[in-house]
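Heads up: the structure comes next, in structure tokens.
2 protein chains.
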Amino acid sequence: MVSDSIERVAIVGGTHGNELTGVHLVKKFERFPQLLHRESFECVTLLANPQAVVANRRYIDRDLNRSFDNADLANLATGYEARRAQEIVLELANVDLIIDLHSSTAQMGLTILPSSRHPFNLKMAAYLSTLHPDVRICYGIRCNADDPMLRSLSPLGCTIEVGAIAQGVLNADLLIKTEMLVQAILNYVEAMNQGKPLPVPSSVTGYQAIGSVDYPRDATGELTAMIHPQLQFRDYQPLHPGDPMFLTFTGATIPYQGAATVFPIFINEAAYYEKGIAMTFTDRQELIVDS
Amino acid sequence: MVSDSIERVAIVGGTHGNELTGVHLVKKFERFPQLLHRESFECVTLLANPQAVVANRRYIDRDLNRSFDNADLANLATGYEARRAQEIVLELANVDLIIDLHSSTAQMGLTILPSSRHPFNLKMAAYLSTLHPDVRICYGIRCNADDPMLRSLSPLGCTIEVGAIAQGVLNADLLIKTEMLVQAILNYVEAMNQGKPLPVPSSVTGYQAIGSVDYPRDATGELTAMIHPQLQFRDYQPLHPGDPMFLTFTGATIPYQGAATVFPIFINEAAYYEKGIAMTFTDRQELIVDS
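And the structure:
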């Protein structure tokens, strides 16, 4: 961003190859570029991990969306995603705002994950939250420029994480809602660029990630329990001390043993089994939006 | 089956490596073999595609569950699943009844897919249908010994197809229900072996597959439409002529244009995009159960 105005926006899909919502929205935008046309800025699209898209897998060699920290980029790391990350850094070098389109097997609704704590992002997310009751604003544990995700290549923008959607599946309803959010972001940027910012609420509910919890496992790393049926698909709902959290394969309930009520998200996300994450706890907060 | 009694039952999981319900049930049964103990027959377990389980993918080189026809097995086909199929034929040679545990991203409930039209299978499925309202009995298009699926290695038995579950995810509720069905099958066999067959209804609703439909695609094979939101997760519900079936990426509804009402299943199954199957039409029938 060379001035106060945003000159170039990137819409990214297929950072994970089996998250088809973003893949097909990017393909649609590439086929109908007029959908992205605005007077005051340019829009570019990027299919971030085309080999993984073809393979219908999250990634080929490693998770592309964990390949953008300085150490990764500085090293001549081997493997397909390491090379793609270096290429993408160059491709998006002149972009002021990045929208990265994802989906989750968890009941994430229409989650906005701002790329940084820049006040612009919160205002934009607060605007989006007025458009649909399923929009929720979530800040990651390390929500700053060192976060090795694709969205971190620009301080402005967000990841849109919709769900629940199985990997390798298109859900029409959630694709339409994702497209609505992309259009709303472009409208928001256009209005701001033209000095007529869209109205935003003075405060908004946000969810601050505070830590993640793995599945119970045995000494060899094998799962010994599953997400409890009473917690499945209950993302963003309060989990109180003593509430059922896991169910062992032998039928025992493991309760949540923390002292404070938390709001779990990414509950039973397929891609996080290998990362050792059964869910991420968040703290619900009322956020003041600078006018 | 050397006589009228069933002497050996196989419980198979992980035929598809990312269908975790069967994988973890087989692991549970291997850890607690007493759960499978019955007086009148032996139970064996099999994790059919262990490399795919480790990779958390449906398959490594090709779909194992399409690798059991005579041509596949006669040839010294190359690739991991071709070798596994040949090994599994030997491992299951003395088995009288096979239960193959699967899951689907479609709303399949607790579907029983009998291994053949043997009257025993229908009676057993009819018994299972009394245990839970989500149990449905479905016969494939080619439900006979030439069907190149693992279940075809024995005329007795079935596939249990539960859903909706995302690939790579454990759903505790559906795992518990799958385990209930496995136990019920073992109880049914035990009672039959002991000459005290469990009561079955005299007729039962069945679904006969009559054909499959691909997604609308362009000349290059790219999808041009998705399952219509009004059809998503509506497996086993009637689809009437003129009902919405697909929604194009540009927002046009494509209706079902057949002349007769059908009952689609496997709607939006992730693994079937590559097979050119958006859903399978079935015909609902009342089946007479021989007493």
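Residue numbers (this note's numbering), protein chains in the order written: chain H, 32 to 322; chain P, 32 to 322.
Cβ atoms here follow ideal geometry from the backbone N, Cα and C, with glycine treated the same way.
Roughly how far, in whole angstroms, is the beta-carbon of residue i from the beta-carbon of residue j, given that I think they are within contact range, below 8 Å?
i	j	result
residue 36 of chain P	residue 128 of chain P	Contact flag wrong, Cβ pair sits at about 11 Å.
residue 130 of chain H	residue 196 of chain H	Not really, about 18 Å apart at Cβ, beyond 8 Å.
residue 140 of chain P	residue 182 of chain P	So it is not a contact: roughly 19 Å between Cβ atoms.
residue 40 of chain H	residue 158 of chain H	Rounded, the Cβ-Cβ distance is 15 Å, inconsistent with contact.
residue 136 of chain H	residue 299 of chain H	6 Å
residue 292 of chain P	residue 270 of chain P	7 Å
residue 95 of chain H	residue 115 of chain H	6 Å
Who does residue i pair with in a DSSP beta bridge?
i	result
residue 279 of chain P	P/256
residue 315 of chain H	H/238
residue 180 of chain H	Note: residue 180 of chain H sits in no beta bridge, so no partner.
residue 199 of chain H	According to DSSP, residue 199 of chain H bridges with nothing at all.
residue 267 of chain H	DSSP lists no partner for residue 267 of chain H.
residue 144 of chain H	H/190
residue 134 of chain P	P/193
residue 44 of chain H	H/78
residue 286 of chain P	P/275
residue 248 of chain H	H/254
residue 243 of chain H	H/311
I need the straight-line Cα distance from residue i to residue j, nearest angstrom please.
i	j	result
residue 258 of chain P	residue 305 of chain P	15 Å
residue 68 of chain H	residue 132 of chain H	19 Å
residue 58 of chain P	residue 169 of chain H	37 Å
residue 261 of chain H	residue 199 of chain P	20 Å
residue 284 of chain P	residue 239 of chain P	27 Å
residue 118 of chain P	residue 45 of chain H	38 Å
residue 187 of chain H	residue 242 of chain H	24 Å
residue 97 of chain H	residue 249 of chain P	34 Å
residue 163 of chain P	residue 278 of chain P	33 Å
residue 87 of chain H	residue 322 of chain P	47 Å
residue 176 of chain H	residue 102 of chain H	Its pLDDT being 46, under 50, residue 176 of chain H is placed unreliably in this model, and the value from its coordinates should be taken loosely. Approximately 13 Å between the Cα atoms of the pair.
residue 38 of chain P	residue 71 of chain P	7 Å
residue 207 of chain H	residue 229 of chain P	50 Å
residue 212 of chain P	residue 203 of chain P	14 Å
residue 150 of chain P	residue 265 of chain H	43 Å
residue 92 of chain H	residue 61 of chain H	27 Å
residue 52 of chain P	residue 221 of chain P	24 Å
residue 313 of chain H	residue 205 of chain H	23 Å
residue 311 of chain H	residue 217 of chain H	30 Å
residue 90 of chain H	residue 223 of chain P	49 Å
Taking the Cβ atom as the reference point for each residue, do residue i and residue j lie within a distance shorter than 8 Å?
i	j	result
residue 50 of chain H	residue 134 of chain H	yes
residue 320 of chain H	residue 233 of chain H	yes
residue 309 of chain H	residue 235 of chain H	no
residue 297 of chain H	residue 268 of chain H	no
residue 160 of chain H	residue 189 of chain H	no
residue 75 of chain H	residue 126 of chain H	yes
residue 272 of chain P	residue 290 of chain P	yes
residue 209 of chain H	residue 66 of chain H	no
residue 280 of chain P	residue 256 of chain P	yes
residue 122 of chain P	residue 80 of chain P	no
residue 219 of chain P	residue 155 of chain P	yes
residue 194 of chain P	residue 263 of chain P	no
residue 78 of chain H	residue 85 of chain H	no
residue 318 of chain P	residue 153 of chain P	yes
So what's residue i in DSSP terms, helix, strand or just coil?
i	result
residue 310 of chain P	strand
residue 170 of chain P	strand
residue 120 of chain P	helix
residue 217 of chain P	helix
residue 228 of chain H	coil
residue 35 of chain P	coil
residue 295 of chain H	strand
residue 129 of chain H	strand
residue 73 of chain H	strand
residue 91 of chain P	coil
residue 304 of chain P	coil
residue 55 of chain H	helix
residue 109 of chain H	coil
residue 65 of chain H	helix
residue 49 of chain H	coil
residue 150 of chain P	helix
residue 327 of chain H	The displayed coordinates of chain H run from 32 to 322. Any statement about residue 327 of chain H would go beyond what the structure contains.
residue 204 of chain P	helix
residue 159 of chain P	helix
8 Å is my cut-off, CB to CB: does residue i come that close to chain C?
i	result
residue 224 of chain H	Among the chains of the structure shown, chain C does not appear; the protein chains present are H and P.
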